[in-house]
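Colleague: Submitted below is the structure of interest, expressed as structure tokens.
Residue numbers (our numbering): -9 to 169.
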């Protein structure tokens, strides 16, 4: 499996490394995160809430700034009345409409930012090592517009490179206890 490692620097730059299954560095990308459209926290939270997942909190507070949190709340589902067809006995029914980008657009935006720059270097099996807010992102659901990442690759997520080394490194010989 290849390993894709993400590291954010002060919310301004996202570094992405791709290591081949042989352990060789095959790609490195430095992606500027300039402006609200590329705000990782906002993008992850908007995507999660569009899927229907509750907001994340740390220490009793939202992980977003109050401005970002209220902006995302504005993307919530609204119910607007719409005239019913003649055969509807109630006379009125409600159609749920969503303001802002669709879930598919958000999954595509995440894919374009996080996967597309290194997509040519990915192998069939991919281990993703996210950083900070990216731990909350459902990488398998990211879409290039024609298919989801999980349809093209076998996806695993690891909490750290150190954990991968520990789990996949050489095993220490077991000690025998003599009585």
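C-beta: ideal position from N, C-alpha, C; glycine also.
These numbers come from a predicted model, not from an experiment.
Mapping DSSP to helix, strand and coil, what is residue 16?
Modeller: strand
Colleague: Can you tell me where the alpha helix (DSSP H) holding residue 40 begins and where it ends?
Modeller: 30 to 41
Colleague: At a cut of 8 Å, does the region 102 to 109 reach the region 4 to 20 through at least three beta carbon pairs?
Modeller: yes
Colleague: In whole angstroms, what separates the C-alpha of residue 29 from that of residue 130?
Modeller: 20 Å
Colleague: Is residue 127 near residue -7, with beta carbons less than 8 Å apart?
Modeller: no
Colleague: For the alpha helix (DSSP H) containing residue 95, name the first residue and the last one.
Modeller: Per DSSP, residue 95 belongs to the alpha helix (DSSP H) from 93 to 104.
Colleague: Where does residue 107 fall in DSSP's three states?
Modeller: helix
Colleague: For the beta strand (DSSP E) containing residue 139, list its first residue and its last residue.
Modeller: Element bounds for residue 139: not the beta strand (DSSP E) but the alpha helix (DSSP H), 139 to 142.
Colleague: Measuring CA to CA, which of 1, 31, 41 is closest to residue 94?
Modeller: 41
Colleague: Whole angstroms are fine: how far does the CA of residue 90 sit from the CA of residue 112?
Modeller: 31 Å
Colleague: Run through the DSSP bridge pairs and tell me what residue 4 is partnered with.
Modeller: -2, 21
Colleague: Leaving out five residues before and five after residue 144 in sequence, what residues of the same chain have Cβ atoms less than 8 Å from its Cβ?
Modeller: -9, 114, 115, 116
Colleague: Suppose contacts are defined by Cβ-Cβ distances below 8 Å. Is residue 149 in contact with residue -4 by that definition?
Modeller: Residue 149 places its beta carbon 8 Å or farther from that of residue -4.
Colleague: Report back the beta-carbon spacing between residue 124 and residue 37 to the nearest angstrom; my notes put them in contact at under 8 Å.
Modeller: With a Cβ gap of about 11 Å, residue 124 and residue 37 do not count as contacting.
Colleague: Less than 6 Å between C-beta atoms, sequence neighbours within five positions excluded: which residues of the same chain meet that for residue 7?
Modeller: So the list reads -5, 18, once near-sequence residues are dropped.
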